Amino acid sequence: MAPRAGRQGYTKRCMGPKTDDSQRRLPLTVVAGRTLAGMVGMLGLGFFVAAVGFVGFLSQLRGAEIKPERKADGIVVLTGGSSRVSDAVELLAGGYGRRLLISGVHPTNEASDITRSLPEARSFINCCVDLDYSAINTRSNAAQARRWAAERGFKSLIVVTSNYHMPRAIVELSHAMPSMDLIPYAVVGEKWRDEPWWTSAPTLRLLLSEYAKYVAAEARLRLADLGIDLVPESEPPTGAISRRPATALAN
């Protein structure tokens, strides 16, 4: 009878202790819960970082137009917003720069449009304004400004663009021309002056979109500094900037 008891003990040892399904499922539930908590935590951290960055971006935006603190060799205005060109021409007329580059002019627009809207500045436009028709975005604006400044030996530029666009413009221009002295002149639109940005849904969308573009530009340029150029720059064709007086283009 003793051998039989031994066989039963052997059988029990081989089978091992019993486990139910709930004990097997518990670790999976714990892992899933921890994974979900980790994802929520990462999303929360990402949102916090983005919010802090957005506040920092907003702190760079000027709420009023302030004349440049000093004069420069040239003035560059990046088209795309209301009153940018007129403000740039006023700076040229005020002696803040020797020449003005209007970068990103639409192919359908002519110099006559400028003289028609700003007749009092005709003499300045006739002698000291260059038009760039090839730039299609802020990056190509910077490339054209670099080329224009290099051809004329300029060492300092006043940059004219909208206040919300200025941070990204300075980032692109600084990367394109590291040794250039850049002096920002931020144009403040009427909507910005008339109502707080947080009360206007269109303005808030514009700022969020521009902030995303600003972050993307910063990331791309930091990678480029490390030798990782995700989007190689394509130079515009030679002769893309007109050197003729602006009024001559309308004839």
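Once you know that position 123 of the sequence shown is 1115 in this note's numbering, the rest is easy, because the numbers rise by one and skip nothing.
Even glycine gets a Cβ: it sits at the ideal position worked out from N, Cα and C.
Every value quoted in this text rests on a predicted model; they were computed, and no experiment measured them.
Exercise. Whose C-beta lies closer than 7 angstroms to the C-beta of residue 1088 among residues of the same chain, with five residues either side of it excluded?
Worked result: 1060, 1063, 1064, 1067 and 1150
Exercise. Any idea if residue 1197 is buried or exposed, counting beta-carbon neighbours within 10 angstroms, 16 or more meaning buried?
Worked result: exposed
Exercise. Can you give the Cα-Cα distance for residue 1115 and residue 1101, rounded to whole angstroms?
Worked result: Take the alpha-carbon of residue 1115 and the one of residue 1101: they are about 19 angstroms apart.
For this session: Could you name the residues that DSSP lists as bridge partners for residue 1148?
Result: Answer is 1173, bridged to residue 1148.
Exercise. Are the beta-carbon atoms of residue 1095 and residue 1133 separated by less than 8 angstroms?
Worked result: yes
Exercise. Can the beta-carbon of residue 1085 be found less than 8 angstroms from the beta-carbon of residue 1152?
Worked result: Cβ atoms of residue 1085 and residue 1152: not closer than 8 angstroms.
Problem set entry | Selection from 1042, 1083, 1033 and 1104 that minimises the alpha carbon distance to residue 1176 | 1083
Exercise. Do residue 1184 and residue 1155 have their C-beta atoms within less than 8 angstroms of each other?
Worked result: yes
For this session: Decide if residue 1097 is buried, meaning its Cβ has at least 16 other Cβ atoms within 10 Å, or exposed.
Result: buried
For this session: State buried or exposed for residue 1106, treating a residue as buried only when at least 16 other CB atoms are found within 10 Å of its CB.
Result: buried
Exercise. What is the rounded straight-line gap between the Cα of residue 1055 and the Cα of residue 1034?
Worked result: 34 angstroms
Exercise. Among 1166, 1187, 1192 and 1030, which one has its Cα closest to the Cα of residue 1210?
Worked result: Selected option, being the one with the closest Cα: 1166.
For this session: Taking all protein chains shown into account, decide if residue 1188 is buried (16 or more other Cβ within 10 angstroms of its Cβ) or exposed.
Result: A residue is called buried when at least 16 other Cβ atoms come within 10 angstroms of its Cβ; residue 1188 does not meet this threshold and is exposed.
Exercise. Residue 1069: which of 1111, 1158 and 1047 sits nearest, CA to CA?
Worked result: 1158
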